[in-house]
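Structure record follows, encoded as structure tokens.
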Amino acid sequence: MHRSVYEAIIRSRARIEKLLGERERPDYDPPWERLEVDGDIDELVAVDGSLNQSPRTSYLVFALSGLSLLFSKDAPRDSALSHVDILERGVFRRRYLENVLGTWMRLAEIRSVLKMNPSRGTLVLIDGSFISDIINPKPTHEWINASFSEEEREELNCIEDEIAGMGLYDDLRGRFNAEDFVAFNLVNEQLNDWPRERKYLALAILLHREHLVALEHLVRSGWKLLFISKDSISHDYVDAYDFKGIYSDQVLFSLFTRGRGFAPPMRVDVKSKKYSLGKRRMDLCKEKGDLQDDFKDEFKDLLTVEMYQTFVRFSYHSLLVYKVEGVGMGDEEMVKLLEKVASLSPEGYPLPLEKAHREVLITYNDIELVSQALLPTSSNLREALR
4 MHRSVYEAII
14 RSRARIEKLL
24 GERERPDYDP
34 PWERLEVDGD
44 IDELVAVDGS
54 LNQSPRTSYL
64 VFALSGLSLL
74 FSKDAPRDSA
84 LSHVDILERG
94 VFRRRYLENV
104 LGTWMRLAEI
114 RSVLKMNPSR
124 GTLVLIDGSF
134 ISDIINPKPT
144 HEWINASFSE
154 EEREELNCIE
164 DEIAGMGLYD
174 DLRGRFNAED
184 FVAFNLVNEQ
194 LNDWPRERKY
204 LALAILLHRE
214 HLVALEHLVR
224 SGWKLLFISK
234 DSISHDYVDA
244 YDFKGIYSDQ
254 VLFSLFTRGR
264 GFAPPMRVDV
274 KSKKYSLGKR
284 RMDLCKEKGD
294 LQDDFKDEFK
304 DLLTVEMYQT
314 FVRFSYHSLL
324 VYKVEGVGMG
334 DEEMVKLLEK
344 VASLSPEGYP
354 LPLEKAHREV
364 LITYNDIELV
374 SQALLPTSSN
384 LREALR
């Protein structure tokens, strides 16, 4: 760091200490229940993923992985899916590029556990949020980093009709169990001669849909699903109990509770978070055509699944609480599962998920190795500044 950063620390420290000292903290007492510990677990799966990217001269090299680790009385085993590739730099707007690659990584995570196919009733811990997966927006022409005429925008907005009319949605479902990443394969097989912007938008739309299909398979699996988030900005408890001046549930329970425990599980109406999935964007595509009746809300199982959320401190040693979503279960069953997870979380975060994270992580050195293997003669823009 430049010395000016250290100078800025000196200037800011006293001001921040004074600000924190003067700030009045509300005296809140949110509902909090003691969490017992039950170490009786026959089988457990931990799921996590990783994504990294490296900009080259005209391409972006990326690598992503999804990993499931099975822990049981027998020898542990794993199941993983990975993909490495290049994208033309700048084809997606920066904030939407993260959506596209993030959806692809989440797809790899879910497919890894589907591929493992543990026995029915197995406890599956998944790093992340089911609600975040559900509310993930469907790609539109705005995701493409280019200027379009009104006619071109309308054509791009109707691309979903064109994809469906070609039978690609049916192909995606029909080939789902036989291939790792069907969306990628379909684009390369049938859309490779499309103009660049149309092809990349089609890829994003198909990945988004394949991710929903994967979630659909997941909730129908019969496994006991717990999604665990390290960072959350939800405010359902804050709103329900009218805790003014606190902006997230995680802050609320981290500040005003102590000891191993959990917030009373709250039922989540998934449909209120995302009123529809898979439906055609009638507001964008003006050409209604004959396909409009084919865009039914086929993912209704995802919107009507029984789900509870809570915030949990798994260990006395931890200050931070984690958001946990129990999918496909009632509140009492969820609490019993939390007791089992607590026995595996001596420092606060479940050890199986920590192990999955360490094994799947794609580091800076890893992505540079991938970049050199794929584009050995192309300049690395980050490396040029080191």
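Count the sequence shown with our numbering and you get residues 4 to 389, in order. For glycine and all other residues, C-beta sits at the position ideal for the given N, C-alpha and C. Everything numeric in this text was worked out from a predicted model, so none of it was measured.
With DSSP collapsed to three states, give me the class of Leu206.
The residue you call residue 206 lines up with position 203 of the sequence shown. Here Leu206 sits in helix by DSSP.
Given this structure, state the Cα-to-Cα distance separating Ile236 from Ser82, to the nearest angstrom.
As a first step, residue 236 is located in the sequence shown; it is residue number 233 there, counting from the start. As a first step, residue 82 is located in the sequence shown; it is residue number 79 there, counting from the start. Roughly 31 Å between the two C-alpha positions.
Could you have a look at Lys247 and say whether DSSP puts it in helix, strand or coil?
The residue labelled residue 247 in the question sits at position 244 within the sequence shown. Lys247 falls in the coil class under three-state DSSP.
Quick one, which of Ala217, Glu219, Tyr311 and Ala181 has its alpha-carbon nearest Asp239's?
In the sequence shown, the residue the question calls residue 239 occupies position 236. Comparing Cα positions, the closest option is Tyr311.
Sequence-distant residues of its chain with Cβ nearer than 6 Å to Ala359 (five each side left out)
On the sequence shown, position 356 is the one that residue 359 refers to. Closer than 6 Å at the Cβ level, and outside the excluded window around Ala359, lie Ala49, Asp51, Leu70 and Leu72.
Within the continuous beta strand (DSSP E) that includes Gly69, where are the two ends?
Translated into the one-based positions of the sequence shown, residue 69 becomes position 66. Its beta strand (DSSP E) spans residues Tyr62 to Ser75.
Would you mind sorting Met4 into buried or exposed? The rule is 16 or more other CB atoms within 10 Å of its CB.
Locating residue 4 in the sequence shown gives position 1, counting from the first residue. Met4 is exposed by the Cβ-count criterion.
Are the beta-carbon atoms belonging to Ser346 and Gly42 less than 8 Å from one another?
By 1-based counting over the sequence shown, the position of residue 346 is 343. By 1-based counting over the sequence shown, the position of residue 42 is 39. Using a Cβ distance threshold of 8 Å, Ser346 and Gly42 count as a contacting pair.
Leu90, DSSP secondary structure in three states
Here residue 90 corresponds to residue number 87 of the sequence shown, with the count starting at 1. Looking at Leu90 - three-state DSSP - the assignment turns out to be strand.
Can you give, in chain order, each stretch of the beta strand (DSSP E) that sits fully within the stretch 293-332 and has at least 3 residues?
310-316 and 325-330
Pull up the CB-CB distance for Val33 and Phe265, whole angstroms please, since I reckon it's below 8 Å.
On the sequence shown, residue 33 is found 30 positions in, with the first residue counted as 1. On the sequence shown, residue 265 is found 262 positions in, with the first residue counted as 1. Note on residue identity: the sequence assigns Pro, not Val, to residue 33. In fact, because the Cβ distance is near 11 Å, the residues do not count as touching under 8 Å.
Closest to Glu213 by C-alpha separation, out of Leu229, Glu154 and Val103, would be which residue?
One-based indexing of the sequence shown puts residue 213 at position 210. Among Leu229, Glu154 and Val103, the Cα nearest to that of Glu213 belongs to Val103.
Going by Cα to Cα distance, which pick from Asp30, Leu47, Gly93 and Ser152 is closest to Ser75?
As a first step, residue 75 is located in the sequence shown; it is residue number 72 there, counting from the start. Taking only the C-alpha atoms, the option nearest Ser75 is Leu47.
Helix, strand or coil: which one does DSSP assign to Met4?
In the sequence shown, residue 4 corresponds to position 1, counting from 1. Three-state result, Met4: coil.
Any idea which residues DSSP pairs Asp45 with across the strands?
Taking the sequence shown and counting its residues from 1, the one referred to as residue 45 is at position 42. DSSP output for Asp45 lists no bridge partner at all.
Tell me which residue opens and which closes the alpha helix (DSSP H) that Lys343 is part of.
As a position in the sequence shown, residue 343 is number 340, starting the count at 1. For Lys343, the enclosing alpha helix (DSSP H) has its first and last residue at Asp334 to Ala345.
Tell me whether Arg59 sits in a helix, a strand or coil according to DSSP, three-state version.
One-based indexing of the sequence shown puts residue 59 at position 56. Residue state, collapsed to three classes: strand.
Chain-order list of residues whose beta-carbon lies under 8 Å from that of Glu39 (same chain, five-residue window excluded):
As a working note, residue 39 is residue 36 in the sequence shown. Closer than 8 Å at the Cβ level, and outside the excluded window around Glu39, lie Glu342 and Ala345.
For Met337, collect the residues of the same chain with a Cβ closer than 6 Å to its Cβ; drop the 5 residues on either side in sequence, then sort them by chain order.
For the purposes of this step, residue 337 is taken as the residue at position 334 of the sequence shown. These residues qualify, in order along the chain: Pro268, Tyr311 and Gly329.
Using the rule of at least 16 other Cβ atoms within 10 Å of the residue's Cβ for burial, across every protein chain shown, is Arg59 buried or exposed?
Locating residue 59 in the sequence shown gives position 56, counting from the first residue. Buried, by the Cβ-count rule.
Proximal residues to Val190 (C-beta, below 7 Å), its chain only, five neighbours per side dropped
By one-based count along the sequence shown, residue 190 stands at place 187. Here Val190 has Lys202, Ala205, Leu206 and Leu209 as same chain residues with Cβ atoms under 7 Å from its own Cβ, once five neighbours each way along the sequence are excluded.
Count the other C-beta atoms from every protein chain shown that fall within 10 angstroms of the C-beta of Arg316, then say buried if there are 16 or more, exposed otherwise.
Indexing the sequence shown from 1 puts residue 316 at position 313. Its Cβ being crowded by 16 or more others within 10 Å, Arg316 is buried.
What separation, rounded to the nearest whole angstrom, lies between the Cα atoms of Phe133 and Phe230?
Indexing the sequence shown from 1 puts residue 133 at position 130. Indexing the sequence shown from 1 puts residue 230 at position 227. Taking the straight line joining both Cα atoms gives about 6 Å.
I need the straight-line Cα distance from Glu91 to Gln193, nearest angstrom please.
In the sequence shown, residue 91 corresponds to position 88, counting from 1. In the sequence shown, residue 193 corresponds to position 190, counting from 1. About 19 Å.
DSSP beta-bridge partners for Val127?
Taking the sequence shown and counting its residues from 1, one reaches residue 127 at position 124. Paired residue(s): Val48 and Leu228.
Best match in Ile370, Pro349 and Glu335 for proximity to Glu36 [C-alpha to C-alpha]:
Numbered from its first residue, the sequence shown carries residue 36 at position 33. Of Ile370, Pro349 and Glu335, the residue nearest in Cα terms is Glu335.
Beta-carbon proximity list for Ala376, same chain, < 7 Å, skipping 5 on both sides:
In the sequence shown, the residue the question calls residue 376 occupies position 373. Here the set comprises nothing.
Below 8 Å between beta carbons: does that hold for Val271 and Leu306?
As a first step, residue 271 is located in the sequence shown; it is residue number 268 there, counting from the start. As a first step, residue 306 is located in the sequence shown; it is residue number 303 there, counting from the start. Not a contact, by the Cβ cut-off of 8 Å.
If you count every other CB in all the chains shown that lies within 10 Å of the CB of His144, and 16 or more means buried, which is it?
For the purposes of this step, residue 144 is taken as the residue at position 141 of the sequence shown. Buried, since its Cβ has 16 or more Cβ neighbours within 10 Å.
How would you write the range of the alpha helix (DSSP H) that Ala149 sits in, first residue to last?
Looking up residue 149 in the sequence shown gives position 146. Careful: Ala149 lies outside any alpha helix (DSSP H) and carries neither H nor E.
Give the single residue among Pro79, Glu112, Leu84 and Trp146 whose Cα lies nearest to the Cα of Arg97.
Stepping through the sequence shown from its first residue, residue 97 is reached at position 94. Among Pro79, Glu112, Leu84 and Trp146, the Cα nearest to that of Arg97 is on Trp146.
Residue interval of the alpha helix (DSSP H) (run including Met169)
What you label residue 169 is simply residue 166 of the sequence shown in a count that begins at 1. Segment: none, Met169 is in no alpha helix (DSSP H) and carries neither H nor E.
Taking C-beta to C-beta, are Asn148 and Phe65 nearer than 8 Å?
Here residue 148 is taken as the residue at index 145 of the sequence shown, counted from 1. Here residue 65 is taken as the residue at index 62 of the sequence shown, counted from 1. It is not a contact, given that the beta carbons lie outside the stated cut-off.
With distances taken from CA atoms, which of Gly105, Gly168, Glu157 and Leu221 is nearest Leu128?
If you number the sequence shown from 1, residue 128 lands on position 125. Of the listed residues, the one whose Cα sits closest to Leu128 is Leu221.
Can you tell me where the alpha helix (DSSP H) holding Val116 begins and where it ends?
Indexing the sequence shown from 1 puts residue 116 at position 113. Val116 -> alpha helix (DSSP H) spans Arg97 to Met119.
Mapping the DSSP letters down to three states, classify Ser82 as helix, strand or coil.
Within the sequence shown, residue 82 is the residue found at index 79, counting from 1. For Ser82, the three-state secondary structure derived from DSSP is strand.
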